[in-house]
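What follows is a set of notes on a single structure, which appears directly below.
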Amino acid sequence: VVLSTVRPTASIDGTPFWLVQEVAANQVDHYISTPTLSFDHFGTPFVSWSSVSTAAGNNTVHLSQRGSLGLWNTRDLATANGIGLRTSLSFDRSERPAVAWVNTDTSVQGSFNYAAAQSIAANGASASSPVISLSYDLAGVQRGMFAGMSAGSLSAINHNGSSFSSGAMTSLSGIESLLDASMTTDDRGLRHVATRVNLMGGGMGITLSSEPVGGGTWSSSIFTTAASVDGVDIARDPTDGRIGFAYTTFDNITSRLFYAKFDGFQIQTTQI
53 VVLSTVRPTA
63 SIDGTPFWLV
73 QEVAANQVDH
83 YISTPTLSFD
93 HFGTPFVSWS
103 SVSTAAGNNT
113 VHLSQRGSLG
123 LWNTRDLATA
133 NGIGLRTSLS
143 FDRSERPAVA
153 WVNTDTSVQG
163 SFNYAAAQSI
173 AANGASASSP
183 VISLSYDLAG
193 VQRGMFAGMS
203 AGSLSAINHN
213 GSSFSSGAMT
223 SLSGIESLLD
233 ASMTTDDRGL
243 RHVATRVNLM
253 GGGMGITLSS
263 EPVGGGTWSS
273 SIFTTAASVD
283 GVDIARDPTD
293 GRIGFAYTTF
303 DNITSRLFYA
313 KFDGFQIQTT
323 QI
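Reading the sequence shown from the start, the letters are residues 53 to 324 in this note's numbering.
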């Protein structure tokens with residue numbers, strides 16, 4: 053079951069009241085992929101997700117929208133065997149949704165404004181640990197990415213208003229395998245990626261990668277290491293345009309949640 057939480061009333065004494073809604077129910081012999089939530093500029097929530105077969109049946113990529121009466125409407129964007137292991141969703145300036153997904157045959161596809169699926173990459177995506185992200189920068193340019201089969205490789209996803217395309221973006225060094233990643237853009241439209249990785253030599257870590265002004269080789273570094281890193285997300289602070297990220301670690305005894313942000317000179321980290 054895909055769920056959405058909506059706060060229908062103002063909070064009292066700092067305590068919000070949440071209404072949990074069922075977005076859609078899953079089919080028999082299927083599981084629901086990791087969903088992506090995005091809002092259009094009118095504040096309407098949308099969720100992209102896949103119903104993935106566990107019995108050699110077809111998968112279906114869905115886009116669900118919450119209507120004005122609070123009911124959810126779900127559209128099927130594509131149905132086929134082995135598609136939609138993981139999806140991502142974003143809106144352009146004209147409120148048109150772009151959805152992209154990774155398939156079991158290592159291809160990447162996308163649908164723009166509910167149209168038929170287009171090929172983004174014929175092959176090369178990681179299907180064992182599918183990673184995909186779609187977003188638009190402040191100038192309205194799509195800034196997507198997906199993880200490749202080669203350890204640490206990331207490829208770009210672009211859309212020119214009518215068709216998708218992809219190309220090499222960056223490759224991380226010292227990585228045994230890439231498990232998850234999150235991308236954002238700063239006020240200049242430059243991309244920044246935080247990744248959760250298995251490191252060569254053992255252990256796990258968080259790597260940070262940043263696109264240089266004018267193009268060229270990205271800067272990349274291992275920000276922190278731990279016995280286990282369980283999650284990471286990155287975002288731009290709209291008040292100052294700087295980048296912050298959150299991540300969790302586990303050292304076989306204690307699980308910790310951290311917040312870190314670039315202050316213009318260095319990254320300041322706080323244990324939450």
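Backbone N, C-alpha and C fix where the C-beta goes; we use that ideal spot for every residue, glycine too. All figures in this text were calculated on a predicted structure; none of them were measured in a lab.
Margin query: Among the candidates SER178, LEU190, GLY219, whose CA atom is the shortest distance from the CA of ALA203?
Written below: SER178
Check: ALA312 bridges to which residues according to DSSP?
Finding: PHE297, THR321
Check: Looking only at its own chain, which residues have a Cβ that is under 6 Å from the Cβ of SER217, when we skip the five neighbours before and after it?
Finding: ASN210
Checklist line | Span of the beta strand (DSSP E), counted from its first residue to its last, around VAL193 | finding: VAL193 -> no beta strand (DSSP E), and no H or E assigned at all.
Notebook entry, point to check: Mapping DSSP to helix, strand and coil, what is TRP270?
Noted result: coil
Check: Taking C-alpha atoms, which residue in SER185, LEU206, LEU251, THR322 lies nearest to THR86?
Finding: SER185
Notebook entry, point to check: Going by C-alpha distance, which of GLY134, PRO264, SER223, ARG248 is nearest THR277?
Noted result: ARG248
Check: Going straight from the alpha carbon of VAL95 to that of PHE310, what length do you get?
Finding: Going by the sequence as given, residue 95 is Gly instead of Val. Approximately 29 Å, taken between the alpha carbons.
Next item on the list: Have a look at ASN329 and SER163 and give me their C-alpha separation to the nearest angstrom.
Entry: Nothing in the structure corresponds to residue 329, since the chain is present only between 53 and 324.
Next item on the list: Provide the residue span of the beta strand (DSSP E) that contains THR222, from first to last.
Entry: 216-223
Notebook entry, point to check: Span of the beta strand (DSSP E) holding HIS244?
Noted result: 243-251
Check: Can you tell me the Cα-Cα spacing of ALA167 and GLY254, whole angstroms?
Finding: 44 Å
Item checked: Helix, strand or coil at PRO97 according to DSSP, with G and I counted as helix -> strand
Margin query: For a quick check, are the C-beta atoms of GLU263 and LEU230 less than 9 Å apart?
Written below: no
Notebook entry, point to check: Under a Cβ-count criterion, where at least 16 other Cβ atoms within 10 Å of its own Cβ denotes burial, should TYR299 be classed as buried or exposed?
Noted result: buried
Note to self: From the DSSP secondary-structure annotation, give me the bridge partner or partners of PHE16.
What the structure shows: Since the displayed the chain opens at 53 and closes at 324, residue 16 lies outside it and no answer follows.
Next item on the list: Would you mind sorting LEU115 into buried or exposed? The rule is 16 or more other CB atoms within 10 Å of its CB.
Entry: buried
Check: By how many angstroms is the C-alpha of ASP92 removed from the C-alpha of SER142?
Finding: 8 Å
Check: Within this structure, are the beta carbons of SER160 and GLY134 separated by less than 9 Å?
Finding: First, the amino acid is wrong: residue 160 is Val here, not Ser. No.
Next item on the list: Report the partner residues of SER116 according to the DSSP bridge assignment.
Entry: VAL99, THR126
Next item on the list: Would you mind reading off the limits of the beta strand (DSSP E) that contains ILE209?
Entry: 205-211
Note to self: Taking the beta strand (DSSP E) that ARG240 belongs to, which residues open and close that run?
What the structure shows: ARG240 -> no beta strand (DSSP E), and no H or E assigned at all.
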